[in-house]
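Notes for the one structure printed next.
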Amino acid sequence: MVLFSSTSYSQTYEIGIMAGGANYIGDVGSTSYISPNKFAFGGIAKWNRSNRHSFRASLLYTSLSADDADADDSRRNQRGYEFENSILEGSLGLEYTFWEWNLHNYKPQFVPYLYTGITGFLSNEMALDRNNEISERKRKIDFAIPMVLGVKWTFDTHFVFGFEVGARYTFTDNLDGSSPEEFDGGENLPSFGNPNTNDWYMFTGFTITYTFGRKPCYCNF
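Numbering-wise (UniProt numbering), the sequence shown opens with residue 1 and increments by one.
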């Protein structure tokens, strides 16, 4: 009975996995916003600091891919560019629920949430080569702002299931090789597309986390 009473309050922290699909939005390929075409997977951890917000960290890996043949724009079809770029991102920020989320009342719950913060990611710098094809040049760290909308639910006090759709607004326009002037160092590499908009990428998928830790006191924060 003593062991049961101590473990029944183990819902302060969460750790688990996330898996789903990713897609790129930019100057190459389809212009659809939510159109996952590559598998994405990673890990996630949360500190449930109150009934309405959690501090959250995640690590996610995916490969972004786009092909002008998939675009609805005939000009992109004729141009015929394509590329693939691997992404390793780490994100840290705040998850906010629309109403109270309390894992200590031992009842099934369902709640929508928002997440944002700061994301850093490692990707390939891209550029057009002599064959007019987009190719990799070197690895680089860039940053993005995550904007995530999701829902999460639980049937007991130990496992939380979630589904989310999240956009990453990046601080680069060269995930696709369209703006190599960001790194060319005077090489005068050719550019294309719209130079006034940065690239985006999306993650659409599921999360499963296991809860543990002591029952928190929310009165101090």
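A virtual CB, placed ideally from N, CA and C, is assigned to each residue, including glycine.
For clarity, every value in this text was computed on a predicted model and none was experimentally measured.
Nearest Cα to E125 within the set M147, E14, S74 and P180: P180.
Residue F155 holds the alpha-carbon nearest to the alpha-carbon of V111 among N194, L189, N174 and F155. L122 is bridged by DSSP to L88 and I141. Remark: C-beta atoms of D67 and T31 do not approach each other more closely than 9 Å.
Unbroken beta strand (DSSP E) stretches of 3 residues or longer found wholly inside the stretch 37-92: 38-48 and 53-67, given in chain order. Annotation: Y33 is outside any beta strand (DSSP E) and is labelled neither H nor E by DSSP. Contact between I25 and D199 is confirmed by a C-beta separation of about 7 Å, below the 8 Å threshold.
In this structure, Y113 is the residue among Y113, W101, N194 and S86 with its C-alpha nearest to the C-alpha of G166.
Looking at the DSSP output, S135 shares a beta bridge with A127. Looking only at R75, I17 and T204, the smallest Cα-Cα distance to N23 is reached by T204. Where G177 is concerned, there is no enclosing beta strand (DSSP E), because DSSP gives it neither an H nor an E.
In chain order, N51 and Q109 place their CB closer than 8 Å to the CB of N102, counting only its own chain and leaving out the 5 sequence neighbours on each side.
Around the Cβ of L92, a 10 Å sphere holds fewer than 16 other Cβ atoms; the residue is exposed. In the structure shown, E182 adopts helical secondary structure according to DSSP, grouped into three states. One thing to note: D173 has its Cβ no nearer than 9 Å to the Cβ of A127.
Under the DSSP assignment, F163 falls in the beta strand (DSSP E) whose first and last residues are F159 to T170.
Under the DSSP definition of a beta bridge, E187 lacks any partner. By the neighbour-count criterion, in which 16 or more other beta carbons inside 10 Å mark a residue as buried, F171 falls on the exposed side.
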